[in-house]
Structures are given as structure tokens and as C-alpha cells.
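Following our numbering, the numbering of the sequence shown begins with 8 at its first residue and continues without gaps. Reviewing the structure listed below.
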Amino acid sequence: MIRTRLKNAALCARAPIIICLLGLPASWPLWKSSLPRSFDGLFHLYRLLELRHLLGQGTLFPRWAPDLFFGYGYPIFEYVPALPYYLTEILHVLGLSLIQTLLLSFALSLLASGVAMYFFVEDIFGPKAGMLSAVAYMYAPFHLYDILFRGHLPGAWSMVLYPLVLWSFRRLIETGATRYFMAGTLLFAASILTHNPASLTFIPFLTFFVVVLISLKAQERASAATRTAIAVLVGAGLAAFFWVPALSHRQFVQLDRMITPPDLDYHTHFVSPGELLAPSPTADTGLMNPGVPNNLGPVFVSLSVVSVVGLWRHRRSHELVHLSISMVSLAVVVFMLLPQSAFVWENLPLLKYLVFPHRFLRLGSLVVAILCGTVARLFPDNNRTFSPSFAVTIISIAMIIVSTFSLLYPPLYRDLPLNPSFVHMMEFERRTGTIGTTSFGEYLPIWAEWIPSNSPLEPMYRSSATIERLDLASLPLGVRVTSAQYEPTSMTVRLATPGSFQATFNSLYFPGWQAYVDGQKTSITPTHGQGLISVLVPAGEHVVRLRFEDLPVHTLSKLITGLSAMVLVLLGLGPVLTPSLARLANSVFETRCTFARQKGRPDRVNGQQGVVLALIAITLLGLKVACIDRYATWFKKDFDGSQVAGAHTPLQVNFGDQITLLGYDPPSADLHPGDTLSLNLYWKARQSFTTDYSTFAHLADEEMNIYAQKDSLNPGRYPTRYWELDEYNKDPHQIVVPPGTPPGKYLLGVGLYNPVTLTRLPVIGQEQHQAGMYFLQDITIFKGDRPPSIEALGIQERVTMDFDNGMTLLGYTAERDHLIRGDFYRLALFWRARKPLDSNYSVAIRLLNQDDEVALDHSAEPSAGRYPTRLWEEGEIVRDNHSIWIGKDFPPSNYVLQLALLDSHEKKVPVTTAADAGVLDGWLELAAIGAGD
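Below is the structure:
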């Protein structure tokens, strides 16, 4: 008996062991002592640090994180599920450092996701398909990128739970067994407690999945629906202690910070079909800011298409159901990624909080992995080791793994301590401008209206002293503090005061904080602006106590969780306790039912096949470590410090001995108004510096009139102060050629500037430059096919002024509403030709001071003469840009901006509009404008 059980256990363990071996190349970057330099990795590291600290202080289920946000506290665990951090913290018993614990958690989640997928697919399509799906799931481009480059811990563990939830609910529907009810309930609750955005996309899919399976049951459809509904309700009830308060307290935090356009607007983050089908880009170990590959991968898509076509022809009914579910789900996922789904996003309010449509790729990775695995079912599976089915399986596995090698080279942190402290966390918050381990400060309490640049608590953290949250600097004269005790979620201060005053504590106010003075409840008044806790203390000796307590909604949600747990225990364990509970359970579950394997289902992977798969895993890992890691290949390229491999036009342009322009990818040299000019710039730091420089790309004429521009506040979304000297930055610019831009040749110039002082870095040792701008190339703009609409011009001020010669001034747009001395004042005029013009005209612009004296005048042909008015066609609209230099000694005052149209003899062209339109002696008054000190 024991021998048989051990043999069965060994057979059951064979597949997970093989899957873990096949997942070794994917997890290899995580078996190191350095954390990948990912987008979110440090957020989760510091959340783990906070949870470890709170658990050590005896706070087992925290809602308030007192050490985040410079020590002012942050309600992170009120809104962010903490289960992934508890799972990770369990690994702490191994004696690992904080960094090693997090790395191990990522690695285990990646491997466990493959094992979970195997068990789900193996149930339906057999072990070969399960093995192939497991590999496709672990190596899904989104999954790898999410772990290695985003460092997203909750997302990693949600990928483990997806297949397990599906597996348990499928078995519950098919068998009605109690054990699957308990598994489904607990796993569904765990999925809710793992990742909010994942739940938002997975729950609709799970609903579709179970509804289809239940609707196709020939018998006991009602009982299957009842069992499933109870499992869902009890699972949601188990997680109610988290999601009920989180939803109820949305109005207490600044959630809209995470949906601020344009960068945080889903409209700007849709994915194109080309991106979805594209292969993963070649890894570049010198690139500090690799792009986001929002792709499914051509190998994955090809296998999915083959499986759909093949299985549809075989028409195995039970397999066809799951194939159809996966196909429909994939179609929905792809649709939600494309711009055509915008109307759905706009009409489902919660979707906007996903922010990024590519988050649907998590669900897409699941269904694509299922489809990939079914390829193994298209071929016969006999008893031979290299059966056709197994041969296809190993070939497909090798193709999948090799196709994703380029995603296995994340950049690593170089100076991150193995056990970072709260001091490191505060330095990170200050350096990045992030708040409370969130990118946008979306859980900042609404009473905090501004963000402090420093904290009086930080010196206490640095010296490892007790964190004294009472603001001693705010105490009036005569107040004596006789004792103070501070804990993570409570504070007790004994003091004496000659008069009443507001005691301020360096902790953000959030509902749940309750104040007591001498044991009596008293109200808390958040301080204006910063939103700190403030309590009125009357004269005399008093004990002031603050506690973070449960609100009624927390009590209610915990009651729901407790009742749900009781239901789970009664239905799950009741049959073994009392006969009456057994009868209750039997009325819901078919407790004696066993899972029926589908006929024609292939046998498990045998020992010889397991050895072959293990050898493939070891061979591919050896190929990666011995060859691809060491040499430049199709999968990976290295940076030699001076030349960017793949840059179309290499350069060596020195900007102020600070940054070098290494090259660029040129845009199309021939464009029309309304087209977008795509430009990639490659920068490298020449030395370490603490300034965050911004970059610009301008499309200008010879007179330096700027017609189009695009600035990057942080080049490539990567602040320059963090640039490593042996890496380079890819800085993309998308420059829209404005409608109405006159045809002709333009200069494409780039440069860097300090966004605080607006001072440009000078170009050193080059000829093709002017005023800190290096000219890359000429760009030719051709005449548009048809005049643009007035709305497309984006005119700031419309005037519609008709001149006697057939020209109409439609309006103007000024770069700013004031003059800056030592800089250009840029003005765009918009003209329409009502008829063909027989002469060349020019524009006169002047500034009148308060004494009606001309303080500055400027005249030039429209477009600096590059497109003379006699070439304008009837109905044509032309954008006419002017750059007027304001000298450093220009007198500060208030001025009037005026415009006149001059003929070839410099005589003013009469205006045919009514005299009350602001025209005096041929001069049209545009605006009042000031020049400050």
C-alpha cells in the first residue's frame, strides 16, 4: 500500500519537476543576488519591508502603513491586496535577505504558474498538451516582461491563481465534489486578495467560463449552477474584509491621480495589431530604458491558429467547448487592446482605472497558452517514446523558449543593499517623486493637498531613534511633554499645557484614526494643506491617545468574512462531523462522485519522455548561459560605450561636456501637414550629474521660426540624474507637422536644456548648430491635398479680419501671454487666401508701450519668404510663424501687440471689416501683453 502510494506520488511529481526544469531559463535572471531594475520592483520591495516591520511589531493584518510617505503614513493596505506579500514573507523563514526573498518569490511564482497551467490543461487535453501549455504560459512575453522588467509581484502571483481557479471550478461543475467546492472557494477568494486590476479582467472571464460549462451539462444543470454560485458567493465573502472597505472608502483618497491625461489616459495606450503580432525585440544590455513589448508573439499566435484549425476539424465535443471559450476570450482580449474598443472603455466606469489596455494581455497570455497546448492533440499519441504528439510537443516547446530568449536580460540594480531600510525607502521616494510605494500617489488621503519636500521624521529614521510623531516644533510656549509612547498604529502622549492648543502629529489623517483626551473621544481636525492629524487639547494635564481603529464598514466586512468561513467549514467539513450536516452537504454536493476522464485522452508523460524534456531544458539553459549570455547574437546585443548597434545615423555630438548624442533614427524626409514625424534619439551621459535635463526636437525654418516641436521632460521617461555611464538612453519623439504649415525645406534640430532655468546645454565642437540646437537633417514639407478645417488649426484667438487684397487673418496663437527678456516671443498667424494674390505681401508686428510709443517692431514676409503670397492658391490656409527677440534690457511694462499687412511698397493694406473691429490707421490690435522684471 505504502509502496503504491509512493509510486503514485512520484508519478504525480514527475510533471511538476519537468516543468520547473523547463522554466529554469525563464527564471535564471532571478537566481542572483541583484534585483532587476524594473518599473515597480522597488515598490513591492518596500511594501514587503513595511509588512515585515509591522508583523514584527505584532500588527498581523495592517491597513495603515505608518512608515511610508516619508514616515507620515499611507493607507496602502486598505486598497492594495496584501496576499502576495504574505506569501513572500513566508520565505523569510529561510533566513534570506529582503532582496533574496523577493527574488525567490518571483522565481517561485513563475515556475508555479507553469505547474498550475499544466494541471488545468492536462485535465482537458492530456499531459502532452498540459506540458506545452505550461511552457507557453511561463514564457508568455507579457508574463516574462511583467516579472523581469516591471517587477510586478501581485501580477506574478495572480498568474498562478488563474489556472487553479479554472481547474477547481471546472471540476466542481463536472463532479459536484466537496473538495473542489472548497478548493474553488478558497482559490477564488485568493485571486481577489492578490491584484485588483487582475480581478477586474479575470472575473468576467471566469463568469463566461462557468456559464458555458453549466449551460452544456446534459443533467443536473440546476444543481451545478447552485454549487458554483455558492462557491463564488462564499469566496467573495471570504475576501469581503478587504474589498468591501476598499470600495466603500474610494472617496477618501485621490484615485483620479492615476488617470490624469494625457500620459495616464487609456486613449493613448491602445495597442496596434502590428504590435500584437511582432516578435519580442532583441535584448540590448546597454539600453537603460527598453521599450514595452505589448505582443503575444508570432510563435504563440501561429501555434494558436494551428490548434484552432486542427481541433475544429477533429470536433471532439468536450475539447471543442474549451477551445471555443478560449477563442472567444482571445477575440475579446484583442478587441479590448485595440483603439476600436474606446467606446467600451468610455461606458464602463471602472475600466478607466486599468489605465493601460495592455493589462488585458495577462488574460490573453492565459488563453493563448491554452490554445498553444492543444496543438499536441492534433497528432496521434501511441506508446512509443517519440510519438507524433510528443515530437510536436518538444519542437513547440523549443520554439517557444528560444523565441523569448531576448526577454531574459533585464538590467540589474548595482548598489542596492540586500536589506534596505526605511531610510533607503525615503531616499527613493524623494529621488523619484513617488508617494507611498505608488507611482501616482493615488491613495493619498484627500486632506493632503500638497506634498512636502522633506520630513522632520527622517532624521529619527536615520539615527534609528524612536519615531516621535508629536510635532514638538508646533507646541506653544509652556507646554511640557512628560511621557510619550509610539506604536505603529497608536500614540499616547502625556502633557501639561497652560492653555488650550491644537496638538499636531506628524501622521496623515485618514478615517480610522480616533483621538482620545483623558479617555474621552474627541474630534480630529486635519491640518490645512498637508492633512496631518490635529487634536484640540484643553488647558491642564492630559493624556492624549490616538488609535487607528476599525470603522463600522470594517466590522461589517469582517462579519461577512466570518460568516462565509463558517459556511465553508459547514459545507466542506460538516459531513465528517454530524449526520445532520452531512445531509445538508449531500443536498448541495455529490460527495461520492468521482471525476470521469474523457475517453481517448492520452496517457501521462512516460519516464523516457520525461528524460528527453529534462535534457531539452538543460540544453537550452546551457545554450543561454554559455553562448547567448556571453556573445552578441540575434537575441542579445551589447553596448561598447560609444556606438549604438542599430542606430541608423551614428553621431558624437557633445552637449556641454554633460551628455553625448550618439546618433538617431531619421524620420521620413518628405512629409505633409498633419503627418507625424517619428524620431529616435540616442543619448549617453559623459559624467555623473544631479541635474534632470530635458530634451527637445524642433522643426524650424532658417530664421528659427519653430513650426513643430516635441519636448521630453525626462528623455525616454528616464531622468538623467540616474543615467549610468556605461548605458545609453533611447529617446523617442513624435512630432506632428501642424496643419497649414507652408511647403518648403525645414531644419530638424535637437538639444537639451535645464527645465528649471530653461538654459540649453551648448553644442561643443560642431558646425551644424545654433543656440544650443544641433541640426540633424533637412525635412521637406509638401503642400497639403486640401485646406485644413478651422478646428484642426487649433487657433488660440480667432479674429476673422478681411484685407482688401484678398487675404483674411483667421486668428493667432501666442506661445505665452507675456514677454520674457532674453528670449523669443513666438507668434503664429493664420491666413486664408480668398482669391489668387498678384503680389508678395509682408507682415508688420509692433509693441506699443503705455505712452503709445513703438517699443519694438518686426516685419517679415509670411513664412520668412519661403512661401511667397503670390504662390498661394484660392482657399489655401497658411500658418505664418514669427519669432521676435526680446532683449535682456527690454523695459518691463505693459504693451499692446499690433499687426499690419504691408504690400510690396511697404504700404498698409486696408481692412475691409467694420471700423469698430479694433483697427486704427491700418493697425490691428491683437492683445495686451506684459513684460515682467
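Idealized CB from N, CA, C, for every residue including glycine. Treat the numbers as computed from the prediction; the structure is a model and nothing was measured.
Report the option in the options whose CA atom is closest to the CA atom of residue i.
| i | options | result |
| --- | --- | --- |
| P869 | D910, Q616, A123 | D910 |
| K691 | A704, D733, G663, H679 | D733 |
| L373 | L94, S336, V328 | S336 |
| A114 | A136, P148, K39, G63 | K39 |
| H912 | S846, L688, Y832 | S846 |
| I623 | D291, P495, E731, I408 | I408 |
| A715 | I852, S333, R70, R833 | R833 |
| L171 | I154, T185, A196 | A196 |
| H325 | Y273, K224, L173 | K224 |
| T683 | E860, I742, N812, L720 | I742 |
| G929 | L908, I936, A938, P762 | L908 |
| D645 | T292, Y760, L759, S866 | T292 |
| F412 | G629, Q226, S890 | G629 |
| R421 | L927, D859, S41, T820 | S41 |
| S849 | F435, H889, F126, S428 | H889 |
| F46 | H60, F447, V241 | F447 |
Kindly indicate the opening and closing residues of the alpha helix (DSSP H) around residue i.
| i | result |
| --- | --- |
| K135 | 134-145 |
| I404 | 395-410 |
| P280 | 280-284 |
| F782 | Taken as a continuous stretch (DSSP letters only), F782 belongs to no alpha helix (DSSP H), being part of the beta strand (DSSP E) at 780-788. |
| F249 | 247-255 |
| Y93 | 90-97 |
| E353 | 349-354 |
| S222 | 203-222 |
| G191 | 185-199 |
Can you tell me whether DSSP reads residue i as helix, strand or coil?
| i | result |
| --- | --- |
| F642 | coil |
| Y735 | strand |
| R438 | helix |
| C600 | Interpretation of C600 is limited by its pLDDT of 44, a score under 50 that renders its predicted location unreliable; the figure taken from the coordinates is listed afterwards. Reduced to three states, the DSSP call for C600 is coil. |
| H740 | strand |
| W879 | coil |
| T698 | coil |
| D636 | coil |
| P745 | coil |
| Y714 | strand |
| G63 | helix |
| F113 | helix |
| G607 | Note that G607 scores a pLDDT of 48, beneath 50, so its modelled location is shaky and nothing firm can be said. |
| W319 | helix |
| A383 | helix |
| H159 | coil |
| W690 | strand |
| L768 | coil |
How far does the beta strand (DSSP E) with residue i in it reach, from first residue to last?
| i | result |
| --- | --- |
| G547 | 547-555 |
| I884 | 884-893 |
| W930 | 930-938 |
| K565 | Here K565 belongs to no beta strand (DSSP E); instead the alpha helix (DSSP H) covers 559-580. |
| I540 | 539-544 |
| N661 | 656-662 |
| F831 | 830-840 |
| G818 | 814-821 |
| Q615 | Per DSSP, Q615 belongs to no beta strand (DSSP E); it is in the alpha helix (DSSP H), 614-630. |
Given the structure, does residue i come close to the ligand HEM, in the sense that its CB is under 7 Å from one of the ligand's heavy atoms?
| i | result |
| --- | --- |
| F215 | As for the ligand HEM, it is missing from this structure, which has no ligand bound. |
With DSSP as the reference, please indicate the residues paired to residue i in a beta bridge.
| i | result |
| --- | --- |
| G758 | F703 |
| R501 | S490, V550 |
| Y81 | A72 |
| F512 | L477, I540 |
| D291 | K644 |
| Q521 | R554 |
Since residue i and residue j are thought to touch, with beta carbons under 8 Å apart, how far apart are those beta carbons, to the nearest angstrom?
| i | j | result |
| --- | --- | --- |
| Y960 | N687 | Residue 960 falls outside the range modelled here, since the chain spans only 8 to 940, and no answer is possible. |
| L90 | T201 | 5 Å |
| P673 | Q777 | Contact flag wrong, Cβ pair sits at about 20 Å. |
| S104 | N426 | 5 Å |
| L482 | N513 | With a Cβ gap of about 13 Å, L482 and N513 do not count as contacting. |
| H679 | F789 | 5 Å |
At the 8 Å Cβ level, is residue i part of the contact set with chain C, yes or no?
| i | result |
| --- | --- |
| T289 | Judged by its chain identifiers, the structure shown contains no chain C, having just a single protein chain. |
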